[in-house]
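> Next up is a structure, given as structure tokens.
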Amino acid sequence: MHSRELLTAAADHAASFLDGVPERRVGPAEIEPAVLRAALGGPLPDGPEDPRAVLDALVAAAGPGLMVSQSPRFFGFVFGGSLPAALAADWVASAWDQNAVLYVAAPAAAVAEEVVGGWLADLLGLPVSASFAITTGCLLAHATGLAAARHHVLGRAGWDVEARGLGGAPPIRLLANGDFHVTLARAVRLLGLGTDSLVRVDTDAEGSMDPGALRAALAAGDGPAIVCAQAGEVNSGAFDPLDEVCDAAAEHGAWVHVDGAFGLWAAAAPSHRQLVAGVGRADSWATDAHKWLNVPYDAGLAFVAHPDAHHGAFSASAAYLPTGARDAMDWTPDSSRRARSFTIWAALRSLGRAGVAEMVERCCACARRFAEVLGAQEGIEVLNDVVLNQVLVRFDDDDAATDAVVAAVQAEGTCWMGPTTWRGRRAMRISVSNWATTIEDVDRSCAAILAAHGPTPAR
Ligand SMILES: Cc1ncc(COP(=O)(O)O)c(C=O)c1O
């Protein structure tokens with residue numbers, strides 16, 4: 012079959028899926044892994060199969076196991092959906108099959124990457140001189156920022172970590188927001204720094220780092236130090252006081268890395284920008300495009316205020332590799348890689364500065380609506396200060412009752428959100444990060460949640 016026919020069939024399948032998304036039950040069908048294994052599995056076929064038959068078989072087999080995280084009423088994790096322009100760009104990027112490893116291998120992808128790096132630094136309030144990398148996600152963005160940090164702080168101690176490794180190196184102290192995201196620890200493990208070197212700095216009730224505790228922790232030791240701050244705690248959405256964090260770090264010559272997987276996007280919305288005051292003073296930043304920028308999976312973003320450290324951590328040369336314009340492999344842990352820059356470029360072009368701000372602000376307004384509607388009901392408590400897009404809701408002040416409401420909401424299918432434990436208490440965790448979510452979606456979802464909780468009089 013000619014590619015055009017095959018790709019048209021793929022577009023039809025995709026459009027049929029997307030057409031159904033707004034009204035489709037949110038969440039996967041109740042399907043056992045064994046059913047999916049039977050549909051997708053079996054022995055490796057001995058011979059070839061017609062591509063169209065393969066496509067149709069994939070759609071039929073995978074369909075029942077798809078999570079409809081594209082839905083405007085999907086509030087689980089912090090996923091985001093995909094903007095139409097970004098999705099379309101992703102398709103052509105697949106067709107172009109560019110290897111964005113080197114400028115010479117994919118010139119347009121390399122330049123698009125340079126361009127989006129500048130646009131994003133501007134949008135997110137970061138120094139325009141910062142270097143930049145597109146990664147698979149925030150975990151690898153942490154690894155990128157922390158590799159640059161490791162290079163820098165050990166370099167100042169006279170240790171070339173890229174050449175000598177970590178054996179015998181001066182120990183690095185990592186002073187992290189005590190409620191750090193699990194991916195930070197994984198990046199620390201990957202870099203060989205060891206999770207034992209992570210010192211948890213006290214946070215307040217919302218999960219925001221106590222700058223006094225940070226000062227004390229910094230003063231309690233010496234030698235190379237990296238402060239791991241947070242813009243947007245994964246449960247509560249809380250922000251560290253970044254100006255004060257940077258002041259404290261500067262007094263001790265420590266590097267500041269910011270986990271802003273979704274919270275960094277507050278900088279793009281005038282109404283929320285104050286939450287990240289001081290963010291531009293940090294040394295490295297990690298965030299995602301696949302979350303709040305709503306590009307299709309996957310795309311993470313790392314920025315580093317010290318391009319030399321960033322380049323020093325990753326650059327490599329080999330006789331057959333040309334050097335010239337910006338080669339992405341000098342800035343990321345990857346070598347061969349997908350041209351994610353096209354998707355990000357399309358998302359930013361389709362929204363513009365005002366569109367990104369509106370999307371972030373609408374998501375935050377939706378989160379506040381959840382808190383207002385649910386928090387007004389007897390027996391329902393909002394546990395966090397809803398400063399961004401995260402809402403933590405507890406039912407009947409009881410762990411089992413809360414889990415039961417979450418399970419009932421998931422089973423009913425109007426919307427989907429998961430549970431969490433916050434400060435020792437179970438909670439429903441609502442994250443609003445989809446470009447398509449409206450106040451009407453929130454109201455429908457609240458009605459479903461209230462029905463799952465059972466009839467209770469308004470306060
Ligand atoms: C605060 C925070 N940091 C890091 C991550 C990890 O992001 P990724 O899954 O893109 O690696 C997340 C994901 O939810 C997050 O919320």
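Residues are numbered in the numbering used here as their position in the sequence shown, beginning at 1, plus a constant of 11. Quick reminder that beta carbons are idealized off the backbone N, C-alpha and C, glycines included.
Quick one: residues in its chain with C-beta nearer than 7 angstroms to the C-beta of SER444, no 5 flanking neighbours on either side, listed in chain order?
Looking up residue 444 in the sequence shown gives position 433. Taken in chain order, the residues that qualify are VAL89, PHE90, GLY91, PHE273, LYS302, TRP303, CYS374 and ASN400.
> Quick one: is the Cβ of THR19 within less than 7 angstroms of any heavy atom of ligand 1?
As a first step, residue 19 must be located in the sequence shown, where it is residue number 8. THR19 Cβ: outside cutoff for every heavy atom of ligand 1.
> Flag this pair as yes or no: are the beta carbons of ARG295 and HIS268 separated by less than 8 angstroms?
As a position in the sequence shown, residue 295 is number 284, starting the count at 1. As a position in the sequence shown, residue 268 is number 257, starting the count at 1. A small correction: the amino acid at residue 295 is Ser; Arg does not occupy that position in the sequence shown. Yes.
> I'd like to know if the stretch 147 to 158 and the stretch 372 to 386 are in contact, where contact means that at least 3 CB-CB pairs between them fall below 8 angstroms.
Contact fails: fewer than three Cβ-Cβ distances are below 8 angstroms.
> Could you tell me whether the stretch 247 to 261 touches the stretch 215 to 222, using the rule of 3 or more Cβ pairs below 8 angstroms?
Yes, the stretch 247 to 261 touches the stretch 215 to 222.
> What is the rounded straight-line gap between the Cα of THR19 and the Cα of ASP319?
Your numbering for residue 19 matches position 8 in the sequence shown. Your numbering for residue 319 matches position 308 in the sequence shown. C-alpha separation (whole angstroms): 46 angstroms.
> With a cut-off of 8 angstroms, do at least 3 Cβ pairs link the stretch 89 to 108 to the stretch 350 to 358?
Yes, since at least three Cβ pairs between the stretch 89 to 108 and the stretch 350 to 358 fall closer than 8 angstroms, the two stretches touch.
> Kindly indicate which three-state DSSP category PRO222 falls into: helix, strand or coil?
The count along the sequence shown starts at 1 and reaches residue 222 at position 211. Looking at PRO222 - three-state DSSP - the assignment turns out to be helix.
> Do the stretch 363 to 377 and the stretch 273 to 290 make contact, defined as three or more Cβ pairs closer than 8 angstroms?
Verdict: yes, contact present.
> Quick one: does the C-beta of HIS192 sit closer than 7 angstroms to a heavy atom of ligand 1?
Here residue 192 corresponds to residue number 181 of the sequence shown, with the count starting at 1. Yes, the Cβ of HIS192 comes within 7 angstroms of a heavy atom of ligand 1.
> For ALA99, which residues from the same chain have a beta carbon less than 8 angstroms from its beta carbon, with the 5 sequence-adjacent residues on both sides left out?
Taking the sequence shown and counting its residues from 1, the one referred to as residue 99 is at position 88. Cβ within range, chain order: ALA357.
> Are the CB atoms of GLY234 and PRO181 within a distance shorter than 8 angstroms?
Within the sequence shown, the letter at position 170 stands for residue 181. Within the sequence shown, the letter at position 223 stands for residue 234. For PRO181 and GLY234, yes; Cβs fall inside 8 angstroms.
> Is GLY311 near ligand 1, with its Cβ less than 7 angstroms from a heavy atom?
Sequence index remark: in the sequence shown, residue 311 carries index 300 (1-based). At least one heavy atom of ligand 1 is nearer than 7 angstroms to the Cβ of GLY311, so yes.
> Return the bridge partner residues of ARG292 from the DSSP annotation.
Counting from 1 along the sequence shown, the entry for residue 292 is found at position 281. None, per the DSSP bridge assignment.
> I need the DSSP call for PHE406, collapsed to helix, strand or coil.
Counting from one through the sequence shown, the residue named residue 406 turns up at place 395. Three-state DSSP puts PHE406 in a strand.
> Could you tell me how far apart the beta carbons of ALA144 and PRO138 are, in whole angstroms, since I believe they sit closer than 8 angstroms?
As a first step, residue 144 is located in the sequence shown; it is residue number 133 there, counting from the start. As a first step, residue 138 is located in the sequence shown; it is residue number 127 there, counting from the start. The pair is not a contact, with the Cβ atoms about 15 angstroms apart (cut-off 8 angstroms).
> Does any heavy atom of ligand 2 sit closer than 7 angstroms to the C-beta of CYS374?
Among the ligands in the structure shown, ligand 2 does not appear; only ligand 1 can be found there.
> Exposed or buried, which one is SER14 when buried takes at least 16 other CB atoms within 10 Å?
If you number the sequence shown from 1, residue 14 lands on position 3. Classification for SER14: exposed.
> With a threshold of 6 angstroms on Cβ separation, who are the neighbours of ASP254 within its own chain once the five nearest residues in sequence on each side are excluded?
Counted from its first residue, the sequence shown places residue 254 at position 243. Contacts found: ALA288 and GLY289.
> Could you give the DSSP three-state label for VAL210: helix, strand or coil?
As a first step, residue 210 is located in the sequence shown; it is residue number 199 there, counting from the start. Residue state, collapsed to three classes: strand.
> Can you name, in chain order, every residue of its own chain whose Cβ lies under 8 angstroms from the Cβ of GLY335, other than the five neighbours on each side?
Your numbering for residue 335 matches position 324 in the sequence shown. Correct list, in chain order: TYR114 and VAL115.
> Would the beta-carbon of ARG184 fall within 8 angstroms of that of GLY128?
Along the sequence shown, one-based indexing puts residue 184 at 173. Along the sequence shown, one-based indexing puts residue 128 at 117. The answer is no: Cβ separation not under 8 angstroms.
> Give the secondary structure of ALA280 by DSSP, where H, G and I count as helix, E and B as strand, and everything else as coil.
Locating residue 280 in the sequence shown gives position 269, counting from the first residue. In the structure shown, ALA280 sits in coil (DSSP, three-state: anything other than H, G, I, E or B).
> Which runs of the alpha helix (DSSP H) fall wholly inside the stretch 30 to 62 and span at least 4 residues, in chain order?
Correct list: 44 to 51.
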